[in-house]
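So the structure is just underneath, and the comments pick up after that.
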């Protein structure tokens, strides 16, 4: 009996394998291009990714290469490499005001990141973990803030900033960058906090922690990926924002990089290598930030949006 069972099992496996082979052969005869498609598919994916990399990186490399050229090379050999590294173009860009614009952008961006992330994290904590009264209404107002286009409020904001006596100051940009980014940032952090275990709060409460202590010592460290994601998104917004910086800052010493580079272009006119040097100096910080925080950035977004 045992011998018969042992012989039956290999026979069944052999029959199943034969049946699968017949089905595969029939499918290949019926769909002759299926095998070719499976082989070509990965190749097409890699070709598409390579084209995307070239489309993203080449304009940046072209800008960097052009910053080391002179005017003649920019027009005679626009796609070629510079004959030599002319670091003087960066010195000229710095003396033309890029260093001052760069400093202003760093101050405004850093302050707006700090205020936006902290206020949004505290608001998300109250909406998710504390179950505040009227939380649904507050969340609805926050979502409504996502629908407000900044440009439609320029005139009321102009009057408001003058009444607050912060027009033409760093605070004008910091307050506006924070106010207009709190809805999105709060929504992002809230999505991440929803799936944090409530047992953490209960354990902290048993240990004698107040809600504020729980927030600072436990919740914020656990939300590190989404906080980094929110900070990088805020940095990208504040660093490149143009309309508010153009309308609410008239003092040349307080201009940020986007407006300052436009002003520098009007003064330098045809000195293109120096302008490319200024653009390169403006692009490097954001590239470095995303390279440093890309792992946490992607983790925070995928975890937060996926919940």
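Residue numbers (the working numbering): 67 to 373.
Note that the Cβ used here is the ideal one computed from N, Cα and C, for glycine as well.
Quick caveat: nothing in here was measured; it's all calculated off a predicted structure.
Residue i - containing alpha helix (DSSP H), residue span
i, result
"residue 250", "236-259"
"residue 276", "Taken as a continuous stretch (DSSP letters only), residue 276 belongs to no alpha helix (DSSP H), as it is neither H nor E."
"residue 219", "No alpha helix (DSSP H) contains residue 219, which DSSP labels as neither H nor E."
"residue 179", "165-194"
"residue 158", "154-159"
"residue 292", "290-306"
"residue 142", "137-142"
"residue 231", "Per DSSP, residue 231 belongs to no alpha helix (DSSP H) and is neither H nor E."
"residue 201", "201-211"
"residue 197", "Note, residue 197: premise wrong, no alpha helix (DSSP H); not H, not E."
"residue 162", "Premise fails: residue 162 is in no alpha helix (DSSP H) and is neither H nor E."
"residue 331", "323-334"
"residue 312", "309-313"
Whole-angstrom distance between residue j and residue i, CA atom to CA atom
i, j, result
"residue 224", "residue 107", "55 Å"
"residue 216", "residue 138", "42 Å"
"residue 326", "residue 161", "13 Å"
"residue 239", "residue 329", "18 Å"
"residue 197", "residue 273", "21 Å"
"residue 232", "residue 175", "17 Å"
"residue 247", "residue 357", "23 Å"
"residue 149", "residue 134", "8 Å"
"residue 123", "residue 270", "48 Å"
"residue 20", "residue 190", "Residue 20 lies beyond the stretch modelled for the chain, which goes from 67 to 373, so this question has no answer here."
"residue 86", "residue 105", "Annotation note: pLDDT 47 at residue 86 (below 50); position unreliable, coordinate value reported separately. Rounded to the nearest angstrom, the two C-alpha atoms are 21 Å apart."
"residue 147", "residue 153", "15 Å"
"residue 157", "residue 220", "36 Å"
"residue 245", "residue 167", "23 Å"
"residue 110", "residue 117", "10 Å"
"residue 351", "residue 119", "20 Å"
Neighbourhood of residue i by C-beta, 6 Å cutoff - its chain only, sequence neighbours within 5 removed
i, result
"residue 359", "294 and 298"
"residue 362", "291 and 294"
"residue 172", "none"
"residue 155", "133, 339, 340 and 343"
Local Cβ density within 10 Å of residue i, reported as buried at 16 or more and exposed below that
i, result
"residue 113", "exposed"
"residue 268", "exposed"
"residue 296", "buried"
"residue 308", "exposed"
"residue 140", "buried"
"residue 318", "exposed"
"residue 256", "buried"
"residue 276", "exposed"
"residue 213", "exposed"
"residue 178", "buried"
"residue 230", "exposed"
"residue 163", "buried"
"residue 278", "exposed"
"residue 132", "buried"
"residue 336", "exposed"
Residues near residue i in its chain [Cβ-Cβ closer than 8 Å; skip 5 each side]
i, result
"residue 286", "187 and 293"
"residue 320", "170, 234, 235 and 236"
Cutoff 7 Å; reference residue i; Cβ partners in own chain excluding five residues on either side
i, result
"residue 355", "298 and 301"
"residue 130", "346"
"residue 227", "233, 238 and 314"
"residue 201", "193"
Looking at C-beta atoms only, is the number of pairs between the stretch 251-269 and the stretch 183-194 that lie closer than 8 Å three or more?
-> yes
Could you say if the stretch 191-211 and the stretch 336-346 meet the contact criterion of at least three C-beta pairs nearer than 8 Å?
-> no
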